[in-house]
DNA sequence: CATGAATGAGGTTTCATTCAT
DNA sequence: CATGAATGAAACCTCATTCAT
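Protein chains in written order, with the numbering used here: chain A, 1 to 189; chain B, 1001 to 1189; chain C, 2001 to 2189; chain D, 3001 to 3189.
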């Protein structure tokens, strides 16, 4: 079973795009920059993607899928809600600042660069991720670990964690685990 | 003592720019769109601002100054730390979703569109605002209302509140006060 | 009463465009060629026209309007149908190969390069011109100068005359008047 | 004696090309469109033709050859000049709007898309066709069926007939025969 | 101050063509 | 023969900015 060559090149492009979009924003990244970063000519990009926006969509899709996988992996086999909530926070931060960092940052910052059609396509994935959080938040509220309305609490927590892309520098200063711990302490009773 | 005519027009432009930058992003707002929104021609803009970026700087400066004024007003004359912390949160949210909403959103979302020089110029204002928070956070920690490292706590809280621009619709559903209350309940012991 | 400067430049562009479109076809004429021919830079074109197609529309509109004016002028004050029919043929050929030649050729050859919307816009003008012919054709048939169905006869005659753009070289060999005379002799009884 | 496989595929391509060139013009038809229409990929086209223009040449060559054959067939075995002239007109119209319609239309409309070299190659064929007409026209003039200079008359007539591609819709309204009859009535004494 | 015209650099995209597999 | 990937040139168009009037 071999991965087709095509998808290898496409994947390279998505990874390079994530990096560039993070560094310069989507609008300020030109297709020529992206081509140069992957060693091809700008026209060749359009064999793999219909247009520039499709590249952004691929990056964000990638980010969203990996977010979900990350928290699923982190929380699975846990039964205690305290542990689960912590694992959820930790898993989110771990992937947010891990190897997929660029894609996640782009997912967060460039959502509004998407056309309405593209949003439509991606919103399902985003909803799925948020539902995963919502269920655990509800359980935490039921167990008096958190108080308030589930949706509001979820928005507060995810916003706070996502905001860390603005200031957190991985591999310098705090570890992700410490970060998660302090955050957990702040919100959980 | 009269306000010079020029500054009236300049102010109109900053307000219109804030709205457009919020709606379409800085990069996707053209100077022609801005000119059209204020009933002038694009060439005339350059009598008021040296370049497009100067307009962004003006918008963000506006937003930051008003943020500071808002929380100062809200917390002044309060002595109880519980009340002060709540007022800080409430004040932040009130101005964030109040009449200056556009400028605040632009301050938050378009920071990275600034050149390094412009960032230099604005960072003083931003620091001032953050220091205002920092002091109160420290007091709250000293009073066991919050726990953790002050800087981290500040970043968590401000991130969470700022994130509300992504989902909160003023004048529909929750009031700002309810929002502040729920948030306060979540983080304060 | 002065003609605004703007329309002078626009008119220059339309004239230059007609020439280029005639020589290289619309598709093979680039906006840079057109800019070079008028001594401006390609971007400047878009102050005068929204897009390349709008230039084509302007050229064709010009051609159609001048066709109508030409045959109106040529036939006015004539009452005899023999003379009128000849004048119609002669007027058509005269403008077709006169100073407006380029625009007429473009009107004829590039009609199908128009978008549907542009066609919609121009078809009124074309209809007007054809109606002018139709009326005279009918009168000629009523006077037994021509025989057959008016619409068919009109299409036959106009097609034949228009086709002359493929082979007739003005100011070399036959005169327009001889051409008209021979054609008149061929179709009129 | 078998027709080589290659030439079958080549012929399919020429037929498909004629249709596409007619519908979208040569310039607006991409090799990818042509490939898609024949169920192959664009790279494969270049095994059958050296370049895009060679396809156009093949289409036009096809059209011209079939025109000649059509009028030869239609007029052969006729001796009466009245009948011959009518047959010439009828034969031209019949093939122009018959099964080879696309190729004929392309021959007429895309002549100017040819490079000078290609024109050189095809002009012999076109001349041959025109000479066939010329001879009959001369005979008709000698018999007072037509009046005027042979070349001019030929250009008038062929132009008129060719123009019918702009307005005639086969299999709706008039028959080809009626068309031919009305045209014959118009020009012949 | 305001404007219309022009600039020039650069943007995304298209497309015929080539070629290794 | 067929293909998918790549090329490279060029296409149309955008836009912040300048400046004479």
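A virtual CB, placed ideally from N, CA and C, is assigned to each residue, including glycine.
**Q.** Buried or exposed by the 16-neighbour rule on C-beta atoms within 10 Å, applied to residue 4 (chain A)
**A.** Here residue 4 (chain A) refers to the residue found at position 4 when the first chain is read from its first residue. Any reading at residue 4 (chain A) is ruled out, since the residue's pLDDT is 49, under 50, leaving its predicted position unreliable.
Q) Per DSSP, what kind of secondary structure is residue 146 (chain A) in: helix, strand or coil? A) Residue mapping note: residue 146 (chain A) aligns to position 146 of the first chain, counting from 1. Residue 146 (chain A): coil per DSSP, three-state reduction.
Q. Are the stretch 2020-2027 of chain C and the stretch 2103-2116 of chain C touching, with three or more C-beta to C-beta distances below 8 Å?
A. Yes, they touch.
Q. Looking at the structure shown, is residue 3141 (chain D) part of a helix, part of a strand, or coil, going by DSSP?
A. Taking the fourth chain and counting its residues from 1, the one referred to as residue 3141 (chain D) is at position 141. Residue 3141 (chain D) falls in the helix class under three-state DSSP.
Q) Hey, would you say residue 3176 (chain D) sits closer than 7 Å to residue 3097 (chain D), going by beta carbons? A) Walking along the fourth chain from the start, residue 3176 (chain D) turns up at place 176. Walking along the fourth chain from the start, residue 3097 (chain D) turns up at place 97. In contact: residue 3176 (chain D) and residue 3097 (chain D) (Cβ atoms closer than 7 Å).
Q. Can you tell which of B:1072, B:1029, B:1063 and B:1030 has the C-alpha that lies nearest to the C-alpha of residue 1011 (chain B)?
A. The count along the second chain starts at 1 and reaches residue 1011 (chain B) at position 11. Ranking the options by Cα distance to residue 1011 (chain B), first place goes to B:1063.
Q: Return helix, strand or coil for residue 1040 (chain B), following the three-state DSSP convention.
A: The count along the second chain starts at 1 and reaches residue 1040 (chain B) at position 40. Here residue 1040 (chain B) carries a coil assignment [DSSP, helix/strand/coil].
Q | Cut-off 8 Å between Cβ atoms - residues of its own chain near residue 3141 (chain D), not counting five sequence neighbours on either side | A | Taking the first residue of the fourth chain as position 1, residue 3141 (chain D) is located at position 141. So the qualifying residues of the chain are 3147, 3148, 3150 and 3153.
Q) Taking buried to mean at least 16 other C-beta atoms within 10 Å of its own C-beta, is residue 3127 (chain D) buried or exposed? A) Translated into positions along the fourth chain, residue 3127 (chain D) becomes position 127. Exposure of residue 3127 (chain D) is indicated by the presence of fewer than 16 other C-beta atoms within 10 angstroms of its C-beta.
Q) At least one CB of chain A closer than 7 Å to the CB of residue 1003 (chain B): is that the case? A) Position 3 of the second chain, counted from the first residue, corresponds to residue 1003 (chain B). With a pLDDT of 49 at residue 1003 (chain B), under the threshold of 50, the modelled position of that residue is not reliable, and the figure given next carries that caveat. For residue 1003 (chain B), no Cβ of chain A is located within less than 7 Å of the residue's own Cβ.
Q: Please classify residue 1162 (chain B): is it buried, with 16 or more other beta-carbons within 10 angstroms of its beta-carbon, or exposed?
A: Position 162 of the second chain, counted from the start, is the residue given in the question as residue 1162 (chain B). So residue 1162 (chain B) counts as buried.
Q: Quick one: measure Cβ to Cβ for residue 55 (chain A) and residue 49 (chain A), integer angstroms, because I've assumed they're closer than 8 Å.
A: Translated into positions along the first chain, residue 55 (chain A) becomes position 55. Translated into positions along the first chain, residue 49 (chain A) becomes position 49. Between residue 55 (chain A) and residue 49 (chain A) the beta-carbon gap is near 5 Å, inside 8 Å, which marks them as a contact.
Q. From residue 3134 (chain D) to residue 2009 (chain C), what distance separates their C-alpha atoms?
A. Taking the fourth chain and counting its residues from 1, one reaches residue 3134 (chain D) at position 134. Taking the third chain and counting its residues from 1, one reaches residue 2009 (chain C) at position 9. If you draw a straight line from the Cα of residue 3134 (chain D) to the Cα of residue 2009 (chain C), it is about 47 Å long.
**Q.** Nearest neighbour of residue 7 (chain A), chosen from A:125, A:84, A:58 and A:34 [CA to CA]
**A.** On the first chain, position 7 is the one that residue 7 (chain A) refers to. Nearest of A:125, A:84, A:58 and A:34 to residue 7 (chain A), Cα basis: A:58.
Q.
The alpha helix (DSSP H) that contains residue 2174 (chain C), what's its start and end?
A. Sequence index remark: in the third chain, residue 2174 (chain C) carries index 174 (1-based). From DSSP, residue 2174 (chain C) is part of no alpha helix (DSSP H); its letter is neither H nor E.
Q | 8 Å contact criterion, which residue 2081 (chain C) and residue 2139 (chain C) should meet: CB distance rounded | A | Locating residue 2081 (chain C) in the third chain gives position 81, where the first residue counts as 1. Locating residue 2139 (chain C) in the third chain gives position 139, where the first residue counts as 1. Indeed they touch by this definition, with Cβ atoms about 5 Å apart.
Q: Would you mind stating whether residue 32 (chain A) and residue 44 (chain A) have Cβ atoms separated by less than 7 Å?
A: Against the first chain, residue 32 (chain A) aligns to sequence position 32. Against the first chain, residue 44 (chain A) aligns to sequence position 44. Taking 7 Å as the Cβ cut-off, residue 32 (chain A) and residue 44 (chain A) do not qualify as a contacting pair.
Q. If you check the beta carbons only, do residue 1060 (chain B) and residue 1180 (chain B) fall under 7 Å apart?
A. Residue mapping note: residue 1060 (chain B) aligns to position 60 of the second chain, counting from 1. Residue mapping note: residue 1180 (chain B) aligns to position 180 of the second chain, counting from 1. Result no, Cβ atoms of residue 1060 (chain B) and residue 1180 (chain B) do not sit closer than 7 Å.
Q) What residues in its chain sit with their C-beta under 8 Å from that of residue 2 (chain A), if we drop five residues either side in the sequence? A) Position 2 of the first chain, counted from the first residue, corresponds to residue 2 (chain A). The predicted model places residue 2 (chain A) with a pLDDT of 44, which falls under 50 and marks its position as unreliable, so this point remains unresolved.
Q.
Give me, in chain order, the residues of the same chain whose beta-carbon lies closer than 6 Å to that of residue 1091 (chain B); leave out the 5 immediate sequence neighbours on both sides.
A. Position 91 of the second chain, counted from the start, is the residue given in the question as residue 1091 (chain B). Contacts found: 1070, 1071 and 1074.
Q: Could you pull the start and end residues of the alpha helix (DSSP H) that residue 1096 (chain B) belongs to?
A: Indexing the second chain from 1 puts residue 1096 (chain B) at position 96. Run containing residue 1096 (chain B): 1081-1096, per the alpha helix (DSSP H) assignment.
Q) If you draw a straight line from the alpha carbon of residue 3101 (chain D) to that of residue 2035 (chain C), how long is it in whole angstroms? A) Stepping through the fourth chain from its first residue, residue 3101 (chain D) is reached at position 101. Stepping through the third chain from its first residue, residue 2035 (chain C) is reached at position 35. Straight-line Cα distance between these residues: approximately 38 Å.
Q) Should residue 1136 (chain B) go down as buried or exposed, given a rule of 16 or more other Cβ atoms within 10 Å for buried? A) By one-based count along the second chain, residue 1136 (chain B) stands at place 136. Buried, since its Cβ has 16 or more Cβ neighbours within 10 Å.
Q) For the alpha helix (DSSP H) that residue 2051 (chain C) lies in, which residues bound it at each end? A) Here the question's residue 2051 (chain C) lines up with position 51 in the third chain. Boundaries for residue 2051 (chain C): no alpha helix (DSSP H) harbours it, and the DSSP string shows neither H nor E there.
Q. Can a CB atom of chain C be found closer than 7 Å to the CB of residue 3193 (chain D)?
A. Outside the modelled stretch of chain D, which goes from 3001 to 3189, sits residue 3193 (chain D), for which no answer is possible.
Q: Could you list which residues in chain A have their beta carbon closer than 7 Å to that of residue 1112 (chain B), in chain order?
A: The sequence position of residue 1112 (chain B) within the second chain is 112, counting from 1. Residues of chain A passing the Cβ test: 25.
Q) Just reading off the alpha helix (DSSP H) that residue 3112 (chain D) is part of, what are its end residues? A) Reading the fourth chain from its first residue, position 112 is the one you call residue 3112 (chain D). Bounds of any alpha helix (DSSP H) do not take in residue 3112 (chain D), whose DSSP letter is neither H nor E.
Q. Taking DSSP as the reference, what is the three-state secondary structure of residue 156 (chain A)?
A. Position 156 of the first chain holds residue 156 (chain A). Correct three-state label for residue 156 (chain A): helix.
Q: Below 8 Å on the Cβ atoms is my guess for residue 3164 (chain D) versus residue 2159 (chain C); work out the distance and round it to an integer in Å.
A: The sequence position of residue 3164 (chain D) within the fourth chain is 164, counting from 1. The sequence position of residue 2159 (chain C) within the third chain is 159, counting from 1. In this structure residue 3164 (chain D) is in contact with residue 2159 (chain C), their Cβ atoms being roughly 7 Å apart against a cut-off of 8 Å.
Q.
Taking only three categories from DSSP, how would you classify residue 2134 (chain C)?
A. Here residue 2134 (chain C) refers to the residue found at position 134 of the third chain. DSSP, reduced to helix, strand and coil, places residue 2134 (chain C) within a helical segment of the structure shown.
**Q.** Contacts of residue 3186 (chain D) in chain C (Cβ-Cβ under 9 Å)
**A.** Here residue 3186 (chain D) refers to the residue found at position 186 when the fourth chain is read from its first residue. For residue 3186 (chain D), the chain C residues whose C-beta falls within less than 9 Å of its own C-beta are 2146, 2147, 2148, 2152, 2153, 2156, 2157, 2186 and 2187, listed in chain order.
(Q) Out of D:3186, D:3029, D:3039 and D:3065, which one is the CA nearest neighbour of residue 3052 (chain D)? (A) Here residue 3052 (chain D) corresponds to residue number 52 of the fourth chain, with the count starting at 1. With distances taken between Cα atoms, residue 3052 (chain D) lies closest to D:3029.
Q | CB of residue 1018 (chain B) within 7 Å of CB of residue 1087 (chain B), strictly | A | For the purposes of this step, residue 1018 (chain B) is taken as the residue at position 18 of the second chain. For the purposes of this step, residue 1087 (chain B) is taken as the residue at position 87 of the second chain. One thing to note: residue 1018 (chain B) has its Cβ no nearer than 7 Å to the Cβ of residue 1087 (chain B).
Q.
Helix, strand or coil, according to DSSP, for residue 3028 (chain D) in the structure here?
A. Numbered from 1 along the fourth chain, position 28 holds the residue referred to as residue 3028 (chain D). DSSP places residue 3028 (chain D) in coil when its eight states are reduced to three.
Q: Go ahead and label residue 123 (chain A) buried or exposed: buried means 16 or more other beta carbons lie within 10 angstroms of its beta carbon, across all protein chains shown.
A: Within the first chain, residue 123 (chain A) is the residue found at index 123, counting from 1. So residue 123 (chain A) counts as exposed.
Q. Under three-state DSSP, which class holds residue 1078 (chain B)?
A. Your numbering for residue 1078 (chain B) matches position 78 in the second chain. Coil.
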